[in-house]
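Using UniProt numbering, read the sequence shown as starting at 1 and increasing by one per residue.
These notes concern the structure reproduced below.
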Amino acid sequence: MIPYRVLFCDLRTDQLLDVLPVQGLAFDDWIGKTPSMSGTIPVPNAQIAARVREAVQPGRTAVWVERGREIWWGGILWTARVNSSSRGELTVQMQAAGWDSYLDHRMLYDTLTATGVDQYDIVRTLIDYVQNTVGGDIGITYDTAPSGVHRDRVYSRYDLPHIRDLISQLGAVEGGFEWRIASMRDPETGSRVKRLQLGSPIRMGASEIVLDHPGPVLAYGWPIDATVTANAWQSRGASTNQNQAEASVPLMSGLLVADQDLAAGWPRLDGSSDYQTVVTQDVLDAHARADHARARDPLTIPEITVHLDGTLSPALLGATIRLRIRDRWWPQGLDQRYRVIGMSVTPAERGRAETAQLHLETA
(Lines of atoms letter the chains of each structure in order from A and count residues from 1; the text may use other names and numbers.)
(Lines give C-alpha, C1' and ligand atoms only; values in the text may rest on other atoms or scores of the structure.)
Protein backbone atom coordinates (compact mmCIF):
# COMPACT_ATOMS: atom_id res chain seq x y z
CA MET A 1 0.00 0.00 0.00
CA ILE A 2 1.45 3.37 -1.04
CA PRO A 3 1.41 5.80 1.92
CA TYR A 4 -0.20 9.24 1.90
CA ARG A 5 1.26 12.29 3.64
CA VAL A 6 -0.47 15.60 4.32
CA LEU A 7 1.90 18.59 4.30
CA PHE A 8 0.97 21.89 5.95
CA CYS A 9 2.81 24.91 4.50
CA ASP A 10 2.72 28.68 4.62
CA LEU A 11 0.49 29.81 1.74
CA ARG A 12 2.67 32.74 0.63
CA THR A 13 6.14 31.18 0.94
CA ASP A 14 5.29 27.45 0.72
CA GLN A 15 7.63 26.89 3.68
CA LEU A 16 6.84 23.54 5.31
CA LEU A 17 5.21 24.00 8.71
CA ASP A 18 4.49 20.38 9.64
CA VAL A 19 3.44 16.94 8.47
CA LEU A 20 0.48 15.75 10.53
CA PRO A 21 -1.50 12.49 10.60
CA VAL A 22 -4.95 12.83 9.03
CA GLN A 23 -7.77 10.31 9.40
CA GLY A 24 -10.73 9.97 7.05
CA LEU A 25 -8.80 11.75 4.31
CA ALA A 26 -10.77 12.35 1.11
CA PHE A 27 -10.08 14.72 -1.77
CA ASP A 28 -11.16 15.46 -5.31
CA ASP A 29 -9.89 17.37 -8.32
CA TRP A 30 -11.87 18.77 -11.23
CA ILE A 31 -11.89 20.61 -14.51
CA GLY A 32 -14.48 23.38 -14.25
CA LYS A 33 -15.13 22.99 -10.51
CA THR A 34 -13.18 23.89 -7.37
CA PRO A 35 -11.34 20.87 -5.89
CA SER A 36 -11.91 20.01 -2.23
CA MET A 37 -10.23 18.09 0.58
CA SER A 38 -11.36 17.05 4.05
CA GLY A 39 -10.03 15.05 6.96
CA THR A 40 -9.66 14.84 10.72
CA ILE A 41 -6.47 15.32 12.73
CA PRO A 42 -6.34 13.31 15.98
CA VAL A 43 -4.95 15.26 18.94
CA PRO A 44 -3.84 12.65 21.52
CA ASN A 45 -1.58 14.86 23.67
CA ALA A 46 -0.47 18.41 24.41
CA GLN A 47 2.54 18.20 22.10
CA ILE A 48 0.38 17.36 19.07
CA ALA A 49 -2.10 20.06 20.10
CA ALA A 50 0.68 22.67 20.02
CA ARG A 51 1.82 21.48 16.58
CA VAL A 52 -1.72 21.60 15.20
CA ARG A 53 -2.32 25.11 16.57
CA GLU A 54 0.86 26.27 14.86
CA ALA A 55 0.29 24.60 11.47
CA VAL A 56 -3.48 24.66 11.04
CA GLN A 57 -4.35 28.31 10.40
CA PRO A 58 -7.38 28.68 8.11
CA GLY A 59 -6.91 31.30 5.42
CA ARG A 60 -3.10 31.26 5.50
CA THR A 61 -2.12 27.57 5.50
CA ALA A 62 -1.56 25.65 2.27
CA VAL A 63 -2.18 21.89 2.21
CA TRP A 64 -0.46 19.38 -0.07
CA VAL A 65 -1.33 15.69 -0.29
CA GLU A 66 1.43 13.31 -1.36
CA ARG A 67 0.96 9.71 -2.45
CA GLY A 68 4.42 8.24 -2.27
CA ARG A 69 6.65 10.90 -3.83
CA GLU A 70 3.95 12.24 -6.14
CA ILE A 71 1.80 15.26 -5.37
CA TRP A 72 -1.85 14.32 -5.73
CA TRP A 73 -3.62 17.40 -4.37
CA GLY A 74 -2.98 20.95 -3.29
CA GLY A 75 -5.07 23.81 -1.97
CA ILE A 76 -5.87 26.25 0.80
CA LEU A 77 -7.13 25.40 4.28
CA TRP A 78 -10.27 27.46 4.82
CA THR A 79 -12.05 25.96 7.83
CA ALA A 80 -11.11 24.03 10.96
CA ARG A 81 -13.20 22.83 13.89
CA VAL A 82 -11.90 21.56 17.23
CA ASN A 83 -14.06 18.78 18.68
CA SER A 84 -13.92 17.29 22.17
CA SER A 85 -15.88 14.12 22.89
CA SER A 86 -17.57 13.14 26.16
CA ARG A 87 -14.51 11.01 26.88
CA GLY A 88 -12.14 13.92 26.37
CA GLU A 89 -10.85 12.81 22.97
CA LEU A 90 -9.74 15.78 20.86
CA THR A 91 -9.81 16.02 17.08
CA VAL A 92 -9.60 18.83 14.53
CA GLN A 93 -11.82 18.60 11.46
CA MET A 94 -10.51 20.52 8.47
CA GLN A 95 -11.70 21.44 5.01
CA ALA A 96 -9.63 22.87 2.18
CA ALA A 97 -10.31 23.97 -1.39
CA GLY A 98 -8.15 24.11 -4.52
CA TRP A 99 -5.86 27.01 -5.37
CA ASP A 100 -8.51 28.61 -7.59
CA SER A 101 -10.58 29.24 -4.45
CA TYR A 102 -8.09 32.02 -3.64
CA LEU A 103 -9.44 33.92 -6.63
CA ASP A 104 -12.88 33.91 -4.96
CA HIS A 105 -11.27 36.08 -2.29
CA ARG A 106 -9.57 38.54 -4.63
CA MET A 107 -11.32 41.45 -6.34
CA LEU A 108 -10.52 43.83 -9.19
CA TYR A 109 -10.12 47.30 -7.71
CA ASP A 110 -8.84 48.91 -10.93
CA THR A 111 -10.53 49.15 -14.33
CA LEU A 112 -8.98 46.78 -16.86
CA THR A 113 -9.38 47.25 -20.63
CA ALA A 114 -8.36 44.66 -23.23
CA THR A 115 -8.77 45.29 -26.97
CA GLY A 116 -8.00 42.49 -29.42
CA VAL A 117 -6.15 40.52 -26.74
CA ASP A 118 -5.78 36.74 -26.77
CA GLN A 119 -8.23 35.33 -24.21
CA TYR A 120 -5.47 33.36 -22.47
CA ASP A 121 -3.45 36.56 -22.05
CA ILE A 122 -6.47 38.23 -20.42
CA VAL A 123 -6.49 35.41 -17.86
CA ARG A 124 -2.75 35.79 -17.27
CA THR A 125 -3.18 39.54 -16.85
CA LEU A 126 -5.78 38.92 -14.15
CA ILE A 127 -3.47 36.42 -12.42
CA ASP A 128 -0.64 38.98 -12.58
CA TYR A 129 -2.95 41.61 -11.10
CA VAL A 130 -3.66 39.29 -8.18
CA GLN A 131 -0.04 38.34 -7.55
CA ASN A 132 1.51 41.78 -8.05
CA THR A 133 -0.36 43.21 -5.06
CA VAL A 134 1.34 43.20 -1.66
CA GLY A 135 0.60 39.88 0.04
CA GLY A 136 -1.11 38.50 -3.05
CA ASP A 137 1.59 36.29 -4.56
CA ILE A 138 0.84 32.64 -3.74
CA GLY A 139 3.11 31.26 -6.45
CA ILE A 140 0.73 30.50 -9.33
CA THR A 141 2.78 29.87 -12.50
CA TYR A 142 1.76 29.67 -16.16
CA ASP A 143 3.07 29.25 -19.70
CA THR A 144 2.67 31.73 -22.56
CA ALA A 145 0.93 29.59 -25.20
CA PRO A 146 -1.82 31.51 -27.06
CA SER A 147 -5.38 30.37 -27.73
CA GLY A 148 -5.67 32.13 -31.09
CA VAL A 149 -8.97 33.71 -30.00
CA HIS A 150 -8.92 37.46 -29.39
CA ARG A 151 -11.37 39.33 -27.19
CA ASP A 152 -12.39 42.88 -26.35
CA ARG A 153 -13.20 43.33 -22.67
CA VAL A 154 -13.69 46.18 -20.21
CA TYR A 155 -13.79 45.23 -16.54
CA SER A 156 -14.90 48.19 -14.42
CA ARG A 157 -13.64 48.65 -10.88
CA TYR A 158 -17.07 50.02 -9.96
CA ASP A 159 -18.56 46.54 -10.40
CA LEU A 160 -16.21 45.19 -7.68
CA PRO A 161 -15.89 41.88 -9.54
CA HIS A 162 -14.20 38.81 -8.09
CA ILE A 163 -11.27 37.59 -10.18
CA ARG A 164 -12.56 34.02 -10.38
CA ASP A 165 -15.90 35.23 -11.76
CA LEU A 166 -14.16 37.25 -14.48
CA ILE A 167 -12.08 34.26 -15.59
CA SER A 168 -15.04 31.87 -15.51
CA GLN A 169 -17.25 34.24 -17.51
CA LEU A 170 -14.51 34.80 -20.07
CA GLY A 171 -14.13 31.05 -20.52
CA ALA A 172 -17.89 30.41 -20.67
CA VAL A 173 -18.46 32.48 -23.81
CA GLU A 174 -18.81 30.93 -27.27
CA GLY A 175 -15.34 29.78 -28.40
CA GLY A 176 -14.14 29.96 -24.79
CA PHE A 177 -11.90 27.71 -22.73
CA GLU A 178 -11.48 25.57 -19.62
CA TRP A 179 -9.09 26.41 -16.82
CA ARG A 180 -7.73 24.96 -13.59
CA ILE A 181 -4.76 25.39 -11.27
CA ALA A 182 -3.02 22.02 -11.05
CA SER A 183 -0.76 20.75 -8.26
CA MET A 184 2.41 18.96 -9.29
CA ARG A 185 6.09 18.46 -8.56
CA ASP A 186 8.73 19.99 -10.81
CA PRO A 187 10.58 16.98 -12.30
CA GLU A 188 13.90 18.84 -12.33
CA THR A 189 13.94 20.72 -9.02
CA GLY A 190 11.51 18.58 -7.02
CA SER A 191 9.72 21.71 -5.82
CA ARG A 192 5.95 21.90 -5.40
CA VAL A 193 4.23 23.79 -8.23
CA LYS A 194 0.86 25.52 -8.65
CA ARG A 195 0.33 25.57 -12.43
CA LEU A 196 -2.39 27.41 -14.35
CA GLN A 197 -3.69 25.17 -17.15
CA LEU A 198 -5.78 26.55 -20.02
CA GLY A 199 -7.36 24.60 -22.86
CA SER A 200 -10.22 24.53 -25.33
CA PRO A 201 -10.80 21.98 -23.89
CA ILE A 202 -8.03 20.79 -21.56
CA ARG A 203 -6.67 17.50 -22.88
CA MET A 204 -3.93 15.39 -21.35
CA GLY A 205 -2.18 12.14 -22.28
CA ALA A 206 -1.20 10.71 -25.64
CA SER A 207 -2.69 7.23 -25.19
CA GLU A 208 -6.04 6.15 -23.84
CA ILE A 209 -6.70 3.80 -20.94
CA VAL A 210 -9.19 0.96 -21.40
CA LEU A 211 -11.45 0.22 -18.41
CA ASP A 212 -13.91 -2.68 -18.32
CA HIS A 213 -16.94 -3.62 -16.21
CA PRO A 214 -16.89 -6.33 -15.02
CA GLY A 215 -13.18 -5.85 -14.45
CA PRO A 216 -11.19 -2.88 -13.14
CA VAL A 217 -14.41 -0.85 -12.89
CA LEU A 218 -15.88 -1.91 -9.54
CA ALA A 219 -19.10 0.09 -9.79
CA TYR A 220 -20.67 2.88 -11.81
CA GLY A 221 -23.37 5.52 -11.60
CA TRP A 222 -25.12 7.09 -14.56
CA PRO A 223 -27.01 10.23 -13.46
CA ILE A 224 -29.25 11.96 -16.00
CA ASP A 225 -30.41 15.42 -14.88
CA ALA A 226 -32.97 17.38 -16.91
CA THR A 227 -33.61 20.00 -14.22
CA VAL A 228 -31.00 22.21 -15.92
CA THR A 229 -32.25 21.55 -19.46
CA ALA A 230 -33.60 24.43 -21.56
CA ASN A 231 -34.39 24.66 -25.27
CA ALA A 232 -35.33 28.36 -25.12
CA TRP A 233 -32.81 30.84 -23.74
CA GLN A 234 -32.22 34.52 -23.14
CA SER A 235 -29.33 36.26 -21.40
CA ARG A 236 -29.34 39.57 -19.57
CA GLY A 237 -26.43 42.00 -19.39
CA ALA A 238 -25.68 45.29 -17.66
CA SER A 239 -27.87 48.36 -17.77
CA THR A 240 -27.07 50.54 -20.77
CA ASN A 241 -28.83 53.61 -19.39
CA GLN A 242 -26.47 56.41 -18.37
CA ASN A 243 -29.29 58.82 -17.43
CA GLN A 244 -30.23 58.25 -13.80
CA ALA A 245 -33.44 60.22 -14.26
CA GLU A 246 -34.83 57.56 -16.59
CA ALA A 247 -35.87 53.98 -15.92
CA SER A 248 -32.97 51.55 -16.14
CA VAL A 249 -33.30 48.72 -18.68
CA PRO A 250 -30.67 45.96 -18.98
CA LEU A 251 -29.08 44.83 -22.22
CA MET A 252 -30.82 41.67 -23.50
CA SER A 253 -29.77 38.99 -25.95
CA GLY A 254 -32.16 37.73 -28.56
CA LEU A 255 -34.47 34.89 -27.56
CA LEU A 256 -32.95 31.61 -28.75
CA VAL A 257 -35.35 28.71 -29.37
CA ALA A 258 -34.32 25.23 -30.54
CA ASP A 259 -37.27 24.62 -32.85
CA GLN A 260 -35.88 21.22 -33.86
CA ASP A 261 -36.16 20.02 -30.24
CA LEU A 262 -39.79 21.10 -30.06
CA ALA A 263 -40.51 19.43 -33.40
CA ALA A 264 -38.96 16.23 -32.03
CA GLY A 265 -41.47 16.18 -29.18
CA TRP A 266 -39.66 17.94 -26.34
CA PRO A 267 -41.77 20.28 -24.19
CA ARG A 268 -40.83 23.95 -24.13
CA LEU A 269 -38.23 24.48 -21.36
CA ASP A 270 -37.04 28.04 -20.65
CA GLY A 271 -33.72 29.19 -19.23
CA SER A 272 -31.77 32.40 -18.66
CA SER A 273 -28.43 33.72 -17.46
CA ASP A 274 -27.18 37.02 -16.05
CA TYR A 275 -23.98 38.85 -16.96
CA GLN A 276 -24.13 42.11 -15.04
CA THR A 277 -20.71 43.28 -16.23
CA VAL A 278 -21.35 42.71 -19.97
CA VAL A 279 -22.13 45.99 -21.74
CA THR A 280 -21.81 45.07 -25.45
CA GLN A 281 -24.42 43.24 -27.51
CA ASP A 282 -22.09 40.89 -29.38
CA VAL A 283 -20.44 39.64 -26.17
CA LEU A 284 -23.82 39.07 -24.53
CA ASP A 285 -25.12 37.24 -27.61
CA ALA A 286 -22.03 34.98 -27.59
CA HIS A 287 -22.68 34.14 -23.94
CA ALA A 288 -26.32 33.35 -24.74
CA ARG A 289 -25.40 31.03 -27.62
CA ALA A 290 -22.86 29.16 -25.48
CA ASP A 291 -25.27 28.84 -22.54
CA HIS A 292 -28.09 27.68 -24.82
CA ALA A 293 -25.90 25.03 -26.44
CA ARG A 294 -24.88 23.65 -23.03
CA ALA A 295 -28.45 23.62 -21.71
CA ARG A 296 -30.21 21.82 -24.57
CA ASP A 297 -29.38 18.26 -23.48
CA PRO A 298 -29.93 16.72 -20.02
CA LEU A 299 -26.76 16.81 -17.95
CA THR A 300 -25.05 13.42 -17.86
CA ILE A 301 -21.78 12.93 -15.96
CA PRO A 302 -21.07 9.19 -15.61
CA GLU A 303 -19.16 8.12 -12.50
CA ILE A 304 -17.04 4.97 -12.31
CA THR A 305 -15.31 3.56 -9.23
CA VAL A 306 -11.96 1.84 -9.73
CA HIS A 307 -9.06 0.47 -7.70
CA LEU A 308 -6.05 2.76 -7.92
CA ASP A 309 -3.06 1.40 -9.81
CA GLY A 310 -0.04 2.75 -11.63
CA THR A 311 -2.09 4.02 -14.59
CA LEU A 312 -4.42 6.25 -12.55
CA SER A 313 -3.51 9.55 -10.92
CA PRO A 314 -4.82 13.15 -10.85
CA ALA A 315 -2.66 13.73 -13.95
CA LEU A 316 -5.41 11.79 -15.73
CA LEU A 317 -7.67 14.86 -15.67
CA GLY A 318 -8.36 15.82 -19.27
CA ALA A 319 -7.27 12.41 -20.59
CA THR A 320 -9.42 10.11 -22.73
CA ILE A 321 -10.43 6.67 -21.50
CA ARG A 322 -12.26 3.90 -23.31
CA LEU A 323 -15.07 2.51 -21.16
CA ARG A 324 -16.55 -0.91 -21.90
CA ILE A 325 -19.57 -2.17 -19.94
CA ARG A 326 -21.65 -5.28 -20.44
CA ASP A 327 -24.53 -5.97 -18.02
CA ARG A 328 -28.33 -5.98 -17.92
CA TRP A 329 -28.53 -2.26 -18.69
CA TRP A 330 -26.25 -2.61 -21.70
CA PRO A 331 -26.86 -6.20 -22.84
CA GLN A 332 -25.26 -5.45 -26.23
CA GLY A 333 -22.37 -3.74 -24.50
CA LEU A 334 -21.27 -0.13 -24.11
CA ASP A 335 -17.99 0.75 -25.82
CA GLN A 336 -17.37 4.49 -25.82
CA ARG A 337 -14.66 7.06 -25.21
CA TYR A 338 -14.93 9.61 -22.43
CA ARG A 339 -12.83 12.47 -21.11
CA VAL A 340 -12.00 12.50 -17.41
CA ILE A 341 -13.21 15.79 -15.90
CA GLY A 342 -13.08 14.87 -12.21
CA MET A 343 -11.43 12.45 -9.81
CA SER A 344 -12.40 11.72 -6.19
CA VAL A 345 -9.91 9.72 -4.12
CA THR A 346 -10.48 7.76 -0.92
CA PRO A 347 -7.17 6.50 0.55
CA ALA A 348 -7.06 3.10 2.21
CA GLU A 349 -7.70 2.83 5.93
CA ARG A 350 -8.43 -0.07 8.24
CA GLY A 351 -11.40 -1.88 6.72
CA ARG A 352 -11.47 0.39 3.65
CA ALA A 353 -9.74 -0.17 0.31
CA GLU A 354 -8.07 2.59 -1.67
CA THR A 355 -10.41 3.63 -4.49
CA ALA A 356 -10.97 6.45 -6.94
CA GLN A 357 -14.14 7.68 -8.58
CA LEU A 358 -13.71 9.09 -12.08
CA HIS A 359 -16.22 11.62 -13.39
CA LEU A 360 -16.61 11.55 -17.16
CA GLU A 361 -18.01 13.40 -20.14
CA THR A 362 -18.35 12.21 -23.73
CA ALA A 363 -15.06 12.72 -25.55
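C-beta atoms are modelled at their ideal positions from N, C-alpha and C, and glycine is treated no differently.
(1) Could you give the C-beta distance for arginine 339 and glycine 318, rounded to a whole number, given that I count them as a contact under 8 angstroms?
(2) Give me the Cβ distance between valine 117 and histidine 150, rounded to the nearest whole Å; I'm assuming they're in contact under 8 angstroms.
(3) Between which two residues does the beta strand (DSSP E) harbouring alanine 80 extend?
(4) Taking leucine 17 and alanine 55 to be in contact with their CB atoms under 8 angstroms, please state how far apart those CB atoms are, rounded to whole angstroms.
(5) Could you check where the alpha helix (DSSP H) with serine 235 kicks off and where it finishes?
(6) With DSSP run on the structure shown, which of helix, strand or coil describes threonine 125?
(7) Take the Cβ of threonine 227 as the centre, count every other Cβ of all protein chains shown within 10 Å, and call the residue buried at 16 or more, exposed below.
(8) Which full runs of the beta strand (DSSP E) of 3+ residues lie inside the stretch 238-294, going along the chain?
(9) Measure the beta-carbon distance from tyrosine 155 to threonine 115 and round it to whole angstroms, keeping in mind my assumption that it falls under 8 angstroms.
(10) Apply the 10 Å Cβ neighbour rule to glutamate 208 and answer buried if 16 or more other Cβ atoms are within range, or exposed otherwise.
(11) Span of the beta strand (DSSP E) holding leucine 196?
(12) From the DSSP output, which residues share a beta bridge with valine 19?
(13) Around the C-beta of glutamine 15, are 16 or more other C-beta atoms found within 10 angstroms, so that it is buried, or is it exposed?
(14) With distances taken between CB atoms, is the gap from proline 314 to aspartate 100 smaller than 8 angstroms?
(15) Can you give the beta carbon distance from leucine 103 to arginine 164, rounded, assuming they're within the 8 angstroms contact cut?
(16) With a threshold of 7 angstroms, establish whether the CB of alanine 50 neighbours any heavy atom of the ligand GDP.
(17) Tell me which residues share the same chain as proline 161 and place their Cβ nearer than 7 angstroms to its Cβ, disregarding the 5 neighbours each side in the sequence.
(18) Excluding the 5 residues flanking arginine 51 on each side, which residues of the same chain have their C-beta closer than 8 angstroms to its C-beta?
(19) Under 8 angstroms, do leucine 323 and methionine 343 count as touching if we go by C-beta distance?
(20) Note down the Cα distance separating alanine 264 from alanine 295, rounded to an integer number of angstroms.
(21) Go ahead and pull the three-state DSSP assignment for proline 314.
(22) Which two residues bound the contiguous beta strand (DSSP E) that contains valine 52?
(23) Quick one: residues in its chain with C-beta nearer than 6 angstroms to the C-beta of residue 364, no 5 flanking neighbours on either side, listed in chain order?
(24) What residues match up with phenylalanine 27 in a beta bridge as DSSP calls it?
(25) Within the continuous alpha helix (DSSP H) that includes glutamine 169, where are the two ends?
(26) Checking 8 angstroms against the spacing of the C-beta atoms, do aspartate 10 and alanine 62 come in under that value?
(27) Does DSSP classify leucine 108 as helix, strand or coil?
(28) In terms of residue numbering, what span does the beta strand (DSSP E) encompassing methionine 204 cover?
(29) By Cβ distance, which residues of its chain are closer than 8 angstroms to aspartate 225, with the 5 residues on each side in sequence left out?
(30) With H, G and I counted as helix, E and B as strand and the rest as coil, what does DSSP make of tyrosine 220?
(31) What residues in its chain sit with their C-beta under 6 angstroms from that of proline 302, if we drop five residues either side in the sequence?
(32) Assuming isoleucine 181 is part of the beta strand (DSSP E), what are its boundary residues?
(33) Residues in the same chain with beta-carbon distance under 6 angstroms from isoleucine 341, minus the five sequence neighbours each way, listed in chain order, please.
(34) What's the gap between the Cα of glutamine 57 and the Cα of aspartate 327?
(35) In the DSSP assignment, what residue or residues form a beta bridge with tyrosine 338?
(36) According to DSSP, is tryptophan 329 helix, strand or coil?
Here's the rundown:
(1) Rounded to the nearest angstrom, the Cβ distance from arginine 339 to glycine 318 is 7 angstroms, consistent with a contact under 8 angstroms.
(2) Histidine 150 and valine 117 do touch by the CB rule: their CB atoms are close to 6 angstroms apart, below 8 angstroms.
(3) Looking at the DSSP string, the run of the beta strand (DSSP E) that includes alanine 80 is 70-84.
(4) The beta-carbon separation of leucine 17 and alanine 55, rounded to 4 angstroms, stays under the 8 angstroms limit for a contact.
(5) Not the alpha helix (DSSP H): serine 235 falls in the beta strand (DSSP E), residues 232-239.
(6) For threonine 125, the secondary structure class from DSSP, reduced to helix, strand or coil, is helix.
(7) The residue is exposed, with fewer than 16 neighbouring Cβ atoms inside 10 Å.
(8) Counting only unbroken stretches of 3 or more residues, the beta strand (DSSP E) elements lying wholly within the stretch 238-294 are 250-252, 270-274, in sequence order.
(9) The beta-carbon distance between tyrosine 155 and threonine 115, rounded to whole angstroms, is 13 angstroms. This is too long to meet the 8 angstroms contact definition.
(10) Glutamate 208 is exposed by the Cβ-count criterion.
(11) Segment 192-199, the beta strand (DSSP E) holding leucine 196.
(12) Residue pairing from DSSP places valine 19 in a beta bridge opposite Leu7.
(13) Glutamine 15 is exposed by the Cβ-count criterion.
(14) Their beta carbons are not under 8 angstroms apart, which means proline 314 does not touch aspartate 100 by this criterion.
(15) Going by Cβ atoms, the distance from leucine 103 to arginine 164 rounds to 4 angstroms, so yes, they are a contact pair.
(16) Only the bare structure without any ligand can be found here, which leaves the ligand GDP out of the picture.
(17) These residues qualify, in order along the chain: Met107, Leu108, Tyr155, Thr277.
(18) Closer than 8 angstroms at the Cβ level, and outside the excluded window around arginine 51, lie Asp18, Leu20.
(19) The Cβ atoms of leucine 323 and methionine 343 lie no closer than 8 angstroms to each other.
(20) Alanine 264 and alanine 295: Cα-Cα distance of roughly 16 angstroms.
(21) Three-state result, proline 314: helix.
(22) Element bounds for valine 52: not the beta strand (DSSP E) but the alpha helix (DSSP H), 46-55.
(23) Look at the range of the chain in this structure, 1 to 363, and you will see that residue 364 is not part of it.
(24) Beta-bridge partners assigned by DSSP to phenylalanine 27: Met37, Val345.
(25) Under the DSSP assignment, glutamine 169 falls in the alpha helix (DSSP H) whose first and last residues are 163-172.
(26) Yes; because the gap between Cβ atoms is below 8 angstroms, this pair is in contact.
(27) Correct three-state label for leucine 108: coil.
(28) Methionine 204 -> no beta strand (DSSP E), and no H or E assigned at all.
(29) If we look at aspartate 225 and ignore the five residues flanking it on each side, its Cβ neighbours are Pro298, Leu299, Thr300.
(30) Note: tyrosine 220 maps to strand in three-state DSSP.
(31) Trp222, Leu360, listed in sequence order.
(32) First-last of the beta strand (DSSP E) with isoleucine 181: 178-185.
(33) Cβ neighbours of isoleucine 341 within its own chain (closer than 6 angstroms, five residues either side excluded): Ile31, His359, Glu361.
(34) Taking the straight line from one Cα to the other gives about 49 angstroms.
(35) Under DSSP, tyrosine 338 takes part in a beta bridge, and its partners are Ile321, Thr362.
(36) Coil.
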